[in-house]
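One structure is given below, encoded as structure tokens.
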Amino acid sequence: MSDSTRRPTRRDFLRGKALLEAVRGAVNEAIGSGATGAEPELELLRVSRYAMGTTFSICMPAAAGGAVDVATAALDLIEELENRLTVYHDRSEVARVNRAAAGQAVPVSAELYELLEQSLALYRQTDGAFDVAIGSVIHAWGFVHGPRRVPDAGELADAMSRSGSRWVALDRERRTVRFLKDGVQLNFGSIGKGYALDRAAWRIRTLAGELPVLLQGGASSVLAVGSPAADGWRVGIANPLDPKRRLVTVSLRNEALGTASNLIRFVDDRGRRYGHVLDPRTGWPAEGLLQASVIAPDAATADALATALLVMGREAAEAFCARHPELSAILVWSDGEVTTGSERLELCALGPVSRESLDFNC
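Listed below in structure tokens is the structure:
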């Protein structure tokens, strides 16, 4: 049987080849909860694979040389990064660091060191609203291995005492990381998908040069390289109260979109719902905003700052964006307590993307 007629194997499914789509005409593919747009004459190819608890997709010109192999190689890299960064099994590089770094400086890979440096810079930039060293607090809430629960005051205080990037020391010359206190735990859940998209885009450039490519990690992370259309890639942002509906559509070109919401994973306790996005400064779930989206030059920054703005709340987020005019943000909140689904959403657009330039669907 020739390669062109053989049935897809289980390996093909696992590596994404059986999820390949060649799309001709005006592309209106769902990207998470959004959509892309392209010039009618351009044929695009979309390859997808499950990783990091979500579906990663790469959309690129079908006419590019070896397009399927290039996209598959980028997805392979995402899978490699998942195996380095995950905290869901004890064989990953991050799990090894979490076990050993309190007693000694631990050598790490170039990829993990780069991500740690970027994460610590964002920690300082946001005054601690973004922090990858709060694994102990995440565990206290049961958001890794469960069961999900509201920790008692003593448990939370103990977890907080062992959390924070102030306890993380890097040595660039030796490329090592060391924890200055026992019990510190790294968790890259709020930046890992974006970093994976940045690295996947790098691999595509090294293999195929400069191409218009849209990379997506679930509903929360998108990276647009170039554009097949004059007005950029059209990408939707979900309504946080109804994720199947689009709230806003934005155009992206050589920039990334990250979205953080506190309505996806949660703990219900005594009639109250607690979201999974935790404020590293208090150990409690972020309150005030329902959702924050950030447009930034790279996907890791967009993901991290979306989380940080959600944690900051509206006023502090607006002040942060005023100090960083290179960023755009879209903040969403409700006019009342989110209980019945009849609440009216409020939102504001900050930075270079103005409210007038957005396509609202509400």
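Sequential numbering of the sequence shown, starting at 11, is according to the numbering used here. C-beta atoms are modelled at their ideal positions from N, C-alpha and C, and glycine is treated no differently.
Taking a contact to require three or more Cβ pairs closer than 8 angstroms, the region 127-144 and the region 317-334 qualify as touching. Counting only residues of its own chain and dropping the five nearest sequence neighbours on each side, G285 has a CB closer than 6 angstroms to the CB of N272, F276 and P295. At a Cβ-Cβ threshold of 8 angstroms, S231 and L207 count as neighbours. Boundaries of the alpha helix (DSSP H) harbouring G145: G145 to A150, taken from the DSSP string.
Contact between T96 and G227 does not hold, since their C-beta atoms are separated by about 14 angstroms, which reaches or exceeds 8 angstroms. V223 sits close to V235, with the two beta carbons spaced by under 8 angstroms.
Per the C-alpha coordinates, the member of R283, L299, S119 and A112 positioned closest to N249 is L299.
Beta-bridge partners assigned by DSSP to W343: E356. Contact between L180 and L130 holds: CB atoms are separated by about 7 angstroms, below the 8 angstroms threshold. Here M62 carries a coil assignment [DSSP, helix/strand/coil]. Its chain contains A296 and V321 as the residues whose beta carbon lies nearer than 6 angstroms to that of D289, once the 5 sequence neighbours on both sides are disregarded; these appear in chain order. DSSP links N249 through a beta bridge to D252. Under the three-state reduction of DSSP output, V277 falls in the strand class. C-alpha of S58 to C-alpha of I68: approximately 6 angstroms in a straight line. Taking 8 angstroms as the cut-off, the Cβ atoms of A327 and A266 do not count as close. Between G193 and S146, the C-beta spacing is below 8 angstroms. L225 and S338 have their C-alpha atoms roughly 19 angstroms apart. By alpha-carbon distance to A61, the top candidate from V363, I88 and V116 is I88. In this structure the region 180-191 lies against the region 102-121, because at least three pairs of beta carbons, one per stretch, are closer than 8 angstroms. Exposed is the label assigned to N93, since fewer than 16 other Cβ atoms lie within 10 Å of its Cβ. The closest CA to that of R283, considering only V160, D308 and W343, is found on V160. When the five nearest sequence neighbours on each side are left out, the beta carbons in the same chain lying within less than 7 angstroms of the beta carbon of G293 are those of V147, L166, A169 and M170, in order along the chain. The three-state secondary structure of Q195, taken from DSSP, is coil. Along the length of the region 95-165, whole alpha helix (DSSP H) runs at least 4 residues long occupy 103-110, 120-135 and 145-150, reported in chain order.
DSSP, read as helix, strand or coil, puts E265 in strand. Comparing C-alpha distances from E121 to each of A143, Y98, L190 and E103 shows the shortest one belongs to E103.
T269 is positioned such that its CB atom lies closer than 8 angstroms to that of S303. Taken in chain order, the whole beta strand (DSSP E) runs of length 3 or more contained in the region 284-335 are 301-306.
As DSSP reads the structure, W212 sits in no beta bridge.
In the three-state DSSP reduction, L87 falls in the helix class (H, G or I).
G75 places its beta carbon less than 8 angstroms from that of A218. As computed with DSSP, A270 is found in a beta bridge with A302.
Following the DSSP letters along the chain, one finds A179 inside the beta strand (DSSP E) bounded by residues V178 to D181. By the C-beta density criterion, H155 is exposed, having fewer than 16 other C-beta atoms within 10 angstroms. According to the DSSP assignment, V223 belongs to the beta strand (DSSP E) that extends over V223 to G227.
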